[in-house]
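In the UniProt record's numbering, the protein residues as written are 1 to 119.
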């Protein structure tokens with residue numbers, strides 16, 4: 001069954017307050033619900049972290065990765081997120097994307113050979 005597949009969505013953020021709320025809303029509004037969103041902020045100087053914390057309070061699937069590594073850049077930021085992921089399925093998300101509501105369903109379908117053969 002498709003809903004049994006947990007997906008970790010990894011998002012590295014830095015000074016993304018302008019579009020971040022729209023992206024978080026587009027993830028929360030996915031038709032597929034079995035996911036966690038792991039976010040690590042790279043020492044933003046705007047309201048990015050405040051926005052993330054507010055969304056985390058509303059939806060516990062949003063997890064904030066906290067460490068003392070400071071600003072490490074986007075590549076190392078995603079590496080830290082990968083280390084924290086415990087799911088078999090991983091997706092990467094930019095902070096300024098807006099996902100269509102069935103993006104996760106399409107991802108599961110594409111990556112589940114057994115499901116495709118049953119349809």
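The beta carbon of each residue, even a glycine, is placed where N, CA and C say it ideally should be.
| request: From the DSSP output, in three-state form, read off residue 5 for me. | output: If DSSP states are grouped into helix, strand and coil, residue 5 belongs with coil.
| message | DSSP three-state label for residue 54, please. | response | Note: residue 54 maps to helix in three-state DSSP.
| Taking buried to mean at least 16 other C-beta atoms within 10 Å of its own C-beta, is residue 29 buried or exposed? | Residue 29 comes out exposed.
| Looking at C-alpha atoms only, which residue of 90, 70, 25 and 8 is the closest neighbour of residue 52? | When only C-alpha atoms are compared, the closest one is 25.
| Looking only at its own chain, which residues have a Cβ that is under 6 angstroms from the Cβ of residue 84, when we skip the five neighbours before and after it? | Excluding residues up to 5 positions away in sequence, 38 and 65 lie with their Cβ nearer than 6 angstroms to the Cβ of residue 84 in the same chain.
| field | First through last residue of the beta strand (DSSP E) which encompasses residue 41 | value | The continuous beta strand (DSSP E) containing residue 41 extends over residues 35-41.
| Test item: CB-CB of residue 43 and residue 5 under 9 angstroms | Residue 5 is positioned such that its CB atom lies no closer than 9 angstroms to that of residue 43.
| said: Looking at the strands, I want to know which residues DSSP matches up with residue 13. | reply: Paired residues: 41.
| field | Residue of 23, 31 and 87 minimising C-alpha distance to residue 97 | value | The option with the nearest alpha carbon to residue 97 is 23.
| query | Should residue 10 be labelled buried (16 or more other beta-carbon atoms within 10 Å of its own) or exposed? | reply | Answer is buried; the Cβ neighbour count reaches 16.
| request: On a CA-only basis, which of 16, 17 and 27 is nearest residue 101? Give me that one, please. | output: From the listed residues 16, 17 and 27, the smallest Cα separation to residue 101 is found for 27.
| request: In the DSSP assignment, find the unbroken alpha helix (DSSP H) run with residue 83 in it and report its ends. | output: Note, residue 83: alpha helix (DSSP H), 73-84.
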